[in-house]
Amino acid sequence: MARTAPKVERLAEDGEAMTDALSTVLAAAEENGTVTWSDVSDDLTSGEWGRLIESGLLIDADGEGFVIDDPEGVREALEESDAEPSDDDDDSGWSKWDKLAGLGTLGLFAGYSMTSVRDVIAGGVIDIVLGPLNDMLPFYVVILVLAIITGTTSTILQDNLMDMSGMGDHQEKMEDLKERRKAAKERDDQEALDRLEEEQMELMTDQMGMFKQQFRPMVWIMLVNIPLFLWLYWIVFGAGVEASPVITLPIFGEVEAWRNGVAGPVQAWIVWYFLCSLSFTQIIRKALNVETTPTG
190 MARTAPKVER LAEDGEAMTD ALSTVLAAAE ENGTVTWSDV SDDLTSGEWG
240 RLIESGLLID ADGEGFVIDD PEGVREALEE SDAEPSDDDD DSGWSKWDKL
290 AGLGTLGLFA GYSMTSVRDV IAGGVIDIVL GPLNDMLPFY VVILVLAIIT
340 GTTSTILQDN LMDMSGMGDH QEKMEDLKER RKAAKERDDQ EALDRLEEEQ
390 MELMTDQMGM FKQQFRPMVW IMLVNIPLFL WLYWIVFGAG VEASPVITLP
440 IFGEVEAWRN GVAGPVQAWI VWYFLCSLSF TQIIRKALNV ETTPTG
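Per the numbering used here, the very first residue in the sequence shown carries number 190; after that it's consecutive.
Below, the structure is given as structure tokens:
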């Protein structure tokens, strides 16, 4: 449903005719197992049929017709689109929970500049969970564990809250518009250029809405990651890290203390965290087959 709902929403933006067409095709596919153009040609236009295939909701069944991808998700999304607009959502696609998460994230940022806030969040709450871990393991392993946790949560949140196929569709539309604009200029068709100008403005508006949607998972990622990072900061500068042998970091070599700068002013603990995070995040994305680049 996580990937299906945004596709149905984009179809709904094209008008009620497209959601009606999707409902018709869904009913035919469920009745017959598969659906072909001849099954629904009396109720759909060829353009609507092509748009359903283009959306990725209607997929080829190995030459034996077409089937609906995730029919249960499509049915739920259609029911939601038919319902009255909810007060929980606005035009940006952000629910009230997303906005509350955003406010919480802004509050957590205060922990970096205010010692009292950092002591409450890191020392009073997070340390209850992570303190025993720090007592059992060397500090470099603790950082490694936290990097795995933040990488995993970030990947899962991106996978569930971002619709990369939508960005891919948008890029394809922009490329198509660019080609049609070039062709219109070559034949000196001013009327077509005016229409394309209006279409470009609509796509730019869609792009702004898409940007807001893509920023949405970052709010939740920061809400999870900032407290953990604050705890690391609190340990290094507040509670203190127990003395340890000389630390050897990849690329940077030996470092005498976690607070020492190894990349200009960037300290050793931050460098080690980001090295671990970047490495394991890539592994986790591959393992979970999560796409973080636009796809069509």
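We put the CB at the ideal spot given by N, CA and C, even for glycine.
These figures come from a predicted structure and were not determined experimentally.
query, result
"Cα-Cα separation, residue 420 to residue 194", "37 Å"
"Residue span of the alpha helix (DSSP H) that contains residue 209, given as start and end", "205-221"
"Where residue 228 falls: helix, strand or coil (DSSP)", "helix"
"Whole-angstrom distance between residue 403 and residue 273, CA atom to CA atom", "In this predicted model, residue 273 has a pLDDT of only 45, less than 50, meaning its place in the structure is not dependable enough to derive any value."
"Sheet register partners of residue 452 (DSSP bridge)", "455"
"Beta-carbon contacts of residue 340 that lie in its chain and below 7 Å, excluding the five residues immediately before and after", "466, 469, 470 and 473"
"Residue 302 (DSSP reduced to helix, strand or coil)", "coil"
"DSSP three-state assignment for residue 246, whether helix, strand or coil", "coil"
"Reference residue 259; option with closest CA among 373, 252, 268 and 247", "247"
"Secondary structure of residue 340, DSSP reduced to three states", "helix"
"Closest residue to residue 308 among 441, 459 and 425 (Cα-Cα distance)", "425"
"7 Å Cβ shell around residue 226 - same chain, five flanking residues per side excluded", "238"
"Per-residue burial, residue 322 [other beta carbons within 10 Å of its own, 16 or more giving buried]", "exposed"
"Span of the alpha helix (DSSP H) around residue 200", "193-202"
"Residue 320: first and last residue of the uninterrupted alpha helix (DSSP H) it sits in", "316-325"
"N- and C-terminal bounds of the beta strand (DSSP E) containing residue 444", "442-444"
"Whole-Å CB distance - residue 253 paired with residue 223, under 8 Å assumed", "6 Å"
"Under the three-state DSSP convention, the category residue 437 falls into", "strand"
"Straight-line Cα distance separating residue 337 from residue 327", "16 Å"
"Spatial distance of residue 293 from residue 316 (CA atoms)", "19 Å"
"Sub-8 Å separation of residue 289 and residue 417 beta-carbons", "no"
"Cβ shell of residue 190 (< 8 Å), same chain only, five flanking positions each side left out", "Any reading at residue 190 needs caution, since the residue's pLDDT is 47, under 50, leaving its predicted position unreliable; the model's value is listed next. If we look at residue 190 and ignore the five residues flanking it on each side, its Cβ neighbours are 259, 261, 262, 265 and 266."
"Among 452, 423 and 463, the one whose alpha carbon lies nearest that of residue 310", "423"
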